[in-house]
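Participant:
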Amino acid sequence: MRTILVTGAAGFIGFHLSRTLLARGDRVVGLDNLNDYYSVQLKQDRLSQLLEQPGFEFHRLNLADQAGMTQLFTQRRPEIVVHLAAQAGVRYSLTNPHAYVDSNLVGFVNILEGCRHHQVQHLVYASSSSVYGANTQMPFSVHQNVDHPVSLYAATKKANELMAHTYSHLFRLPTTGLRFFTVYGPWGRPDMALFLFTKAILAGQVIDVYNHGQMKRDFTYIDDIVEGIVRVADRLPEPNPHWSGADPDPGTSAAPYKVYNIGNHQPVELLYFIETLEKSLGMKAKKNFLPMQAGDVPATYADVDDLMRDVGFRPATPIEEGITRFVAWYRSYHGH
Numbered sequence: 008m009r010t011i012l013v014t015g016a017a018g019f020i021g022f023h024l025s026r027t028l029l030a031r032g033d034r035v036v037g038l039d040n041l042n043d044y045y046s047v048q049l050k051q052d053r054l055s056q057l058l059e060q061p062g063f064e065f066h067r068l069n070l071a072d073q074a075g076m077t078q079l080f081t082q083r084r085p086e087i088v089v090h091l092a093a094q095a096g097v098r099y100s101l102t103n104p105h106a107y108v109d110s111n112l113v114g115f116v117n118i119l120e121g122c123r124h125h126q127v128q129h130l131v132y133a134s135s136s137s138v139y140g141a142n143t144q145m146p147f148s149v150h151q152n153v154d155h156p157v158s159l160y161a162a163t164k165k166a167n168e169l170m171a172h173t174y175s176h177l178f179r180l181p182t183t184g185l186r187f188f189t190v191y192g193p194w195g196r197p198d199m200a201l202f203l204f205t206k207a208i209l210a211g212q213v214i215d216v217y218n219h220g221q222m223k224r225d226f227t228y229i230d231d232i233v234e235g236i237v238r239v240a241d242r243l244p245e246p247n248p249h250w251s252g253a254d255p256d257p258g259t260s261a262a263p264y265k266v267y268n269i270g271n272h273q274p275v276e277l278l279y280f281i282e283t284l285e286k287s288l289g290m291k292a293k294k295n296f297l298p299m300q301a302g303d304v305p306a307t308y309a310d311v312d313d314l315m316r317d318v319g320f321r322p323a324t325p326i327e328e329g330i331t332r333f334v335a336w337y338r339s340y341h342g343h
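Quick note: the sequence shown uses my numbering, first residue 8, plus one each step.
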């Protein structure tokens with residue numbers, strides 16, 4: 008029985024991951040600050056399910072609380088850390104930049120220091136497809152340079168990868184970054200398109216469709232994300248013996264450091280996504296077509312060859328199936 012610290016345990020991905028780890032017999036130490044970026048009630052409802060499980064304990068704590076974080080690592084001594092807590096959202100970062108610095112930069116240093124000083128065997132952390140920023144070469148590969156973020160949120164996620172690499176290099180801390188591509192599914196985030204669209208359509212309200220529906224997203228179902236995290240967490244990153252400073256590969260290192268994409272590698276146009284949702288709900292959406300928002304990118308598309316090669320897994324849940332499952336959950340949770 009291993010002790011795994013899951014930060015953001017009351018969040019969308021953290022909740023699903025914690026359930027999976029508990030089901031296979033791991034001890035899970037959950038951390039979350041239960042902030043009000045979105046419905047605290049939804050977070051508490053997820054948390055109440057976890058608290059019913061043997062082997063789960065919860066700590067309400069801010070990542071930026073250095074003393075609290077040190078105490079947690081000292082007392083609980085996790086063998087693996089899966090760091091999913093962060094200030095999420097591209098659009099929110101345009102108006103609330105300081106929230107991202109406190110959580111995603113200061114908080115991440117506290118995680119790295121905790122891992123370094125308490126013999127953590129492996130740090131797995133959430134990065135994001137948003138790090139690809141202004142890149143247009145598709146599909147996005149971890150071996151591409153990603154130095155042109157187009158939102159502060161993306162910049163903080165890129166910074167996390169750089170900070171992790173430093174600790175892998177200096178202290179031989181094994182770290183693996185996971186670039187998630189538009190995660191969706193039951194218990195999902197209310198600020199994400201699927202949740203917003205479903206709520207609006209059921210209420211007969213208009214939905215905002217950015218970039219006139221021409222956006223493409225690599226929508227990735229939650230169960231696929233969790234499967235990817237679990238497989239990666241169980242495998243320590245190895246230094247790449249062929250890595251060369253003369254021709255540096257951004258996706259690997261001479262240190263025990265790795266970055267993977269976890270995406271469905273089948274981009275879906277936003278209009279088809281909405282059409283699939285309409286079928287599932289049995290209702291038509293009223294659409295308000297708008298130009299693209301600042302900080303957004305027109306398309307995302309994951310190259311998952313490295314993930315497949317190293318852990319034998321690639322996400323494959325079709326959008327039609329994933330949306331059907333989400334709608335079933337949404338109706339039962341909200342009583343529609």
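Quick reminder that beta carbons are idealized off the backbone N, C-alpha and C, glycines included.
Counting pairs of Cβ atoms below 8 Å between the region 117 to 131 and the region 237 to 246, do you hit three or more?
Facilitator: A contact exists between the region 117 to 131 and the region 237 to 246.
Participant: Measuring CA to CA, which of S137, A171, A210, R98 is closest to G270?
Facilitator: As a first step, residue 270 is located in the sequence shown; it is residue number 263 there, counting from the start. Cα-wise, what sits closest to G270 is S137.
Participant: Counting along the chain, where does the alpha helix (DSSP H) carrying Y308 start and finish?
Facilitator: Your numbering for residue 308 matches position 301 in the sequence shown. Where Y308 is concerned, there is no enclosing alpha helix (DSSP H), given that its DSSP letter is neither H nor E.
Participant: When you compare the CB positions of F63 and S110, do they come within less than 8 Å of one another, or not?
Facilitator: For this step, residue 63 is matched to residue 56 along the sequence shown. For this step, residue 110 is matched to residue 103 along the sequence shown. No.
Participant: Buried or exposed: which applies to T81, given that a residue is buried once 16 or more other Cβ atoms fall within 10 Å of its Cβ?
Facilitator: To locate residue 81, count along the sequence shown from 1; it is residue 74. Under this definition T81 is an exposed residue.
Participant: For the 8 Å Cβ check, are there 3 or more pairs between the region 290 to 297 and the region 120 to 128?
Facilitator: Because the criterion of three Cβ pairs below 8 Å is not met, the region 290 to 297 and the region 120 to 128 do not touch.
Participant: Pull up the CB-CB distance for Y107 and T189, whole angstroms please, since I reckon it's below 8 Å.
Facilitator: Here residue 107 corresponds to residue number 100 of the sequence shown, with the count starting at 1. Here residue 189 corresponds to residue number 182 of the sequence shown, with the count starting at 1. Not confirmed; about 19 Å, so no contact.
Participant: For R34 and T10, which I take to be in contact (beta-carbon distance under 8 Å), what is that distance rounded to the nearest angstrom?
Facilitator: Taking the sequence shown and counting its residues from 1, the one referred to as residue 34 is at position 27. Taking the sequence shown and counting its residues from 1, the one referred to as residue 10 is at position 3. Their Cβ separation, rounded to whole angstroms, is 5 Å, which keeps R34 and T10 in contact under 8 Å.
Participant: So which of G258, D254, E234 has the shortest CA-CA distance to E245?
Facilitator: As a working note, residue 245 is residue 238 in the sequence shown. Among G258, D254, E234, the Cα nearest to that of E245 is on G258.
Participant: Can you give me the Cβ contacts of A141 inside the same chain, cut-off strictly under 7 Å, excluding the 5 residues immediately before and after it?
Facilitator: Position 134 of the sequence shown, counting from 1, holds the residue named residue 141. Excluding residues within five positions, the ones whose Cβ falls inside 7 Å are H155, V157.
Participant: Tell me F320's beta-bridge partners as DSSP assigns them.
Facilitator: Within the sequence shown, numbered from 1, the residue matching residue 320 stands at position 313. According to DSSP, which records beta bridges pairwise, F320 is partnered with nothing at all.
Participant: Do three or more CB pairs link the region 46 to 60 to the region 93 to 107 at distances below 8 Å?
Facilitator: Output reads no: the region 93 to 107 does not touch the region 46 to 60.
Participant: Let me check one thing: in DSSP terms, what residues is T227 bridge-paired to?
Facilitator: Translated into positions along the sequence shown, residue 227 becomes position 220. In the DSSP output, where bridge partners are listed per residue, T227 has V190.
Participant: Helix, strand or coil: how does DSSP classify G270 here?
Facilitator: Indexing the sequence shown from 1 puts residue 270 at position 263. Of the three classes helix, strand and coil, the one that applies to G270 here is coil, per DSSP.
Participant: Any idea if H272 is buried or exposed, counting beta-carbon neighbours within 10 angstroms, 16 or more meaning buried?
Facilitator: Along the sequence shown, one-based indexing puts residue 272 at 265. Per the 10 Å Cβ criterion, buried.
Participant: Can you tell me the Cβ-Cβ gap for F226 and Y191, rounded? I've got them flagged as a contact below 8 Å.
Facilitator: Numbered from 1 along the sequence shown, position 219 holds the residue referred to as residue 226. Numbered from 1 along the sequence shown, position 184 holds the residue referred to as residue 191. That pair is a contact at about 6 Å.
Participant: With which residues is N247 paired in a DSSP beta bridge?
Facilitator: For the purposes of this step, residue 247 is identified with residue 240 of the sequence shown, where counting begins at 1. None, per the DSSP bridge assignment.
Participant: Which residues does DSSP pair with N40 in a beta bridge?
Facilitator: For the purposes of this step, residue 40 is taken as residue 33 along the sequence shown, with counting starting at 1. N40 is not bridged to any residue.
Participant: Let me know the secondary structure DSSP gives E64 once reduced to three states.
Facilitator: Taking the first residue of the sequence shown as 1, we reach residue 64 at position 57. Three-state result, E64: strand.
Participant: Run the CB neighbour count on G18, radius 10 Å, all protein chains shown included, and call it buried at 16 or more, exposed below.
Facilitator: On the sequence shown, residue 18 is found 11 positions in, with the first residue counted as 1. Buried is the call here.
Participant: Within a Cβ cutoff of 6 Å, which residues of the same chain sit near Y217, ignoring the five residues on either side of it in sequence?
Facilitator: Sequence index remark: in the sequence shown, residue 217 carries index 210 (1-based). Cβ within range, chain order: L297, M299, Q300.
Participant: Can you have a look at Y340 and say buried or exposed, based on whether 16 or more other CB atoms are within 10 angstroms of its CB?
Facilitator: As a position in the sequence shown, residue 340 is number 333, starting the count at 1. Exposed: under 16 other Cβ atoms inside 10 Å.
Participant: Alpha helix (DSSP H) containing F80: first to last residue?
Facilitator: Working through the sequence shown from its first residue, we reach residue 80 at position 73. Run containing F80: 73 to 83, per the alpha helix (DSSP H) assignment.
Participant: Using 8 Å as the threshold, is the region 174 to 181 in touch with the region 314 to 323, meaning 3 or more CB pairs across them?
Facilitator: Taking 8 Å as the limit for Cβ pairs, the verdict is that the region 314 to 323 does not touch the region 174 to 181.
Participant: Tell me H129's beta-bridge partners as DSSP assigns them.
Facilitator: Counting from 1 along the sequence shown, the entry for residue 129 is found at position 122. DSSP output for H129 lists I87 as bridge partner(s).
Participant: In the DSSP assignment, what are the bridge partners of K294?
Facilitator: In the sequence shown, residue 294 corresponds to position 287, counting from 1. K294 is bridged to I214.
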